[in-house]
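Below is one structure, written out as structure tokens, with a few remarks after it.
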Amino acid sequence: TLGLLAFCRERHTPHTGFVVLDSPLLAYREPDGTEYDLTGTDLKDQFYAYLEALPEDTQVIVVENTDPPDAIMKREQSLMFGKNPHHGRYG
Numbered sequence: 001t002l003g004l005l006a007f008c009r010e011r012h013t014p015h016t017g018f019v020v021l022d023s024p025l026l027a028y029r030e031p032d033g034t035e036y037d038l039t040g041t042d043l044k045d046q047f048y049a050y051l052e053a054l055p056e057d058t059q060v061i062v063v064e065n066t067d068p069p070d071a072i073m074k075r076e077q078s079l080m081f082g083k084n085p086h087h088g089r090y091g
């Protein structure tokens, strides 16, 4: 979805600039050894940093079952939906 957005922007073809990502980090799990030497990297933080760097006219909605990093949650554009009526938006 983000690849299509980038493709359209590079070629100046129409795109709404709006994408929805449903559980993009669900299949990812932290490495459990040095097999690929990825220990200590944080894909989740890198993923959200990438989204943060997108142009301002881009809107991305991430539907995820885990909380984003604190730095993302502190941004005014972030909105948490949950079952707690006193935390985030109920729904």
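Position 7 of the sequence shown, counting from 1, maps to 7 under the UniProt record's numbering, and the rest follow consecutively.
Think of the CB as a built atom: it goes at the ideal place given N, C-alpha and C, for glycine as much as any other residue.
Since the model is a prediction, treat every value here as computed from it, not as a measurement.
Host alpha helix (DSSP H) of residue i (start-end)
i	result
L43	L43 to E52
M73	D70 to M73
residue 93	Because the chain is modelled from 1 through 91, residue 93 falls outside the range shown and cannot be assessed.
Residue closest to residue i, alpha-carbon to alpha-carbon, out of the options
i	options	result
E76	T1, Y90, H15 and E52	E52
T16	L2, Y50, A71 and F47	L2
P14	K74, V20, L21 and L4	L4
V19	C8, N65, A27 and H12	C8
D22	D45, G91 and V62	V62
K74	A6, T58 and Y48	Y48
E10	M80, P55 and P68	P55
Reduced DSSP category for residue i - H, G, I as helix; E, B as strand; rest coil
i	result
D57	coil
L26	coil
G88	coil
G17	coil
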